[in-house]
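This report refers to the structure that appears directly beneath it.
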Amino acid sequence: MKLIALGFALSATLVGAAPATTYPDDSIYQLQVALTDQQGKAQALDRYAGQPTIVSMFYGSCPHICPMLISSVQQLEKALPTKERGRMRVLFVSFDPTDDAKRLAEVVAKHGVDGKRWTLASASADDVRLVAAALGVRYVQLPDKSFSHSTILTLLDAKGRIVRRTESFTDPEPEFRDALSQALH
Numbered sequence: 017m018k019l020i021a022l023g024f025a026l027s028a029t030l031v032g033a034a035p036a037t038t039y040p041d042d043s044i045y046q047l048q049v050a051l052t053d054q055q056g057k058a059q060a061l062d063r064y065a066g067q068p069t070i071v072s073m074f075y076g077s078c079p080h081i082c083p084m085l086i087s088s089v090q091q092l093e094k095a096l097p098t099k100e101r102g103r104m105r106v107l108f109v110s111f112d113p114t115d116d117a118k119r120l121a122e123v124v125a126k127h128g129v130d131g132k133r134w135t136l137a138s139a140s141a142d143d144v145r146l147v148a149a150a151l152g153v154r155y156v157q158l159p160d161k162s163f164s165h166s167t168i169l170t171l172l173d174a175k176g177r178i179v180r181r182t183e184s185f186t187d188p189e190p191e192f193r194d195a196l197s198q199a200l201h
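For the sequence shown, counting from 1, position 158 maps to 174 in the working numbering; every step adds exactly one.
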């Protein structure tokens with residue numbers, strides 16, 4: 017699957033030295049995006065390169081939809097055999113510029129996610145826009161500082177290419193589940 021929005025985003029971000037790893041043209045891992053994880057550590061968008069990864073976007077203070085999105089991925093995890101579950105990686109990137117490492121760590125603790133296989137991350141406003149464009153996620157910050165956003169789960173292969181997407185996050189369709197299982201074999 018080719019990423020229409022990615023071509024523009026890549027041309028805007030691939031300035032300077034080439035990345036140490038070469039990725040396919042349709043890989044979102046070509047984006048030079050700086051993330052900060054729930055432990056306050058700098059991470060690259062390709063931190064899980066080599067592993068199938070579910071990527072989504074959220075914000076830490078969301079009272080309804082984002083917790084449901086996290087729960088949905090946890091349910092997908094629980095349905096997997098142990099070996100496959102161990103290979104699955106999850107990356108959630110926040111829209112909210114106030115989601116610092118402390119708030120992200122609170123979300124990790126509150127939802128009991130595996131901090132070794134899951135990364136909750138923040139990024140600059142420009143980098144958030146790049147990630148959202150690459151994933152086809154739309155969002156807008158509302159006057160009350162909350163966000164209205166699309167709820168999409170995206171499955172990436174080991175090289176950062178989009179394998180499958182779903183907007184049916186409360187019960188991902190069988191095609192998404194099958195694609196996840198195939199990617200983990």
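Glycine included, C-beta positions come from ideal geometry on N, C-alpha and C.
Are the CB atoms of residue i and residue j nearer to each other than 8 Å?
i: D112; j: G76; result: yes
i: I168; j: S72; result: yes
i: P40; j: K161; result: no
i: L196; j: T170; result: no
i: Y155; j: A148; result: yes
i: E100; j: L200; result: yes
i: P68; j: R105; result: yes
For residue i, which beta-bridge partners are listed by DSSP?
i: T69; result: R105, L172
i: A199; result: In the DSSP output, where bridge partners are listed per residue, A199 has none listed.
i: L51; result: Q59, A139
i: F74; result: S110
i: I178; result: L172
i: H165; result: Y155
i: S43; result: R177
Could you give the C-beta distance for residue i and residue j, rounded to a whole number, given that I count them as a contact under 8 Å?
i: A58; j: A65; result: Between A65 and A58 the Cβ distance is about 16 Å, and since that is not below 8 Å, they are no contact.
Segment contact flag, the region 103 to 120 with the region 134 to 147, C-beta cutoff 8 Å, min 3 pairs | yes
Can we say the region 89 to 99 touches the region 49 to 64, given the rule of at least three CB pairs closer than 8 Å?
-> no
Considering only residues of the region 97 to 132, which uninterrupted beta strand (DSSP E) runs meet the minimum length of 3 residues and lie entirely inside it, listed in chain order?
-> 105 to 110
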